[in-house]
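Structure record follows, encoded as structure tokens.
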Amino acid sequence: MKNLAGLMKQASQMQAKMEEMQGRLEQLEVQGVAGAGMVSVTLTGKGVLKAITVDPKLADPDEMEMLQDLIVAAHADARRHLDERTAAEMQNVTGGLNLPPGLKLPF
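Okay, so the sequence shown: first residue is 6 according to our numbering, each after it adds one.
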């Protein structure tokens with residue numbers, strides 16, 4: 006029974022660390038760029054699109070399709086950066102233990 010109590014204590018500590026990590030991620034902002042920096046987007050740590058910056062040269066009505074594609078590409082780039090940072094934070098908290106997303110500890 007002593008091992009079970011120790012395991013539950015470790016699980017509780019891991020849950021506290023995960024909650025702390027989630028708080029840090031909520032404050033995090035990442036930027037994605039496309040078109041050699043002509044379009045950039047900023048996402049919050051929760052993946053919410055916060056800002057878009059577009060080079061004025063792209064405002065040509067004949068180039069709108071390209072502009073839209075670049076915005077989508079910049080968003081995907083920012084989301085990739087966010088996923089990488091989130092995965093790195095999770096590795097730090099769990100010590101490399103791969104847990105399913107959304108898993109709450111203790112069980």
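For glycine and all other residues, C-beta sits at the position ideal for the given N, C-alpha and C.
The segment 40-50 and the segment 17-24 do not touch, with fewer than three beta-carbon pairs separated by less than 8 Å. At the C-beta level, His80 and Leu54 come within 9 Å of one another.
Within 10 angstroms of the beta-carbon of Glu31 lie fewer than 16 other beta-carbons, which makes it exposed. Distance check between Gly37 and each of Pro61, Gln27, Arg29 and Thr49 places Thr49 closest, using alpha-carbon atoms only. By the Cβ-count criterion, Ile57 is exposed, with fewer than 16 other Cβ atoms from all chains shown falling within 10 Å of its own Cβ. Where Leu48 is concerned, the enclosing beta strand (DSSP E) starts and stops at Val44 to Thr49. For the 9 Å CB-CB criterion, Gly52 and Leu9 do not form a contact. Taking a contact as a CB-CB distance under 8 Å, the pair Ala83 and Val35 counts as one, their CB atoms being some 5 Å apart.
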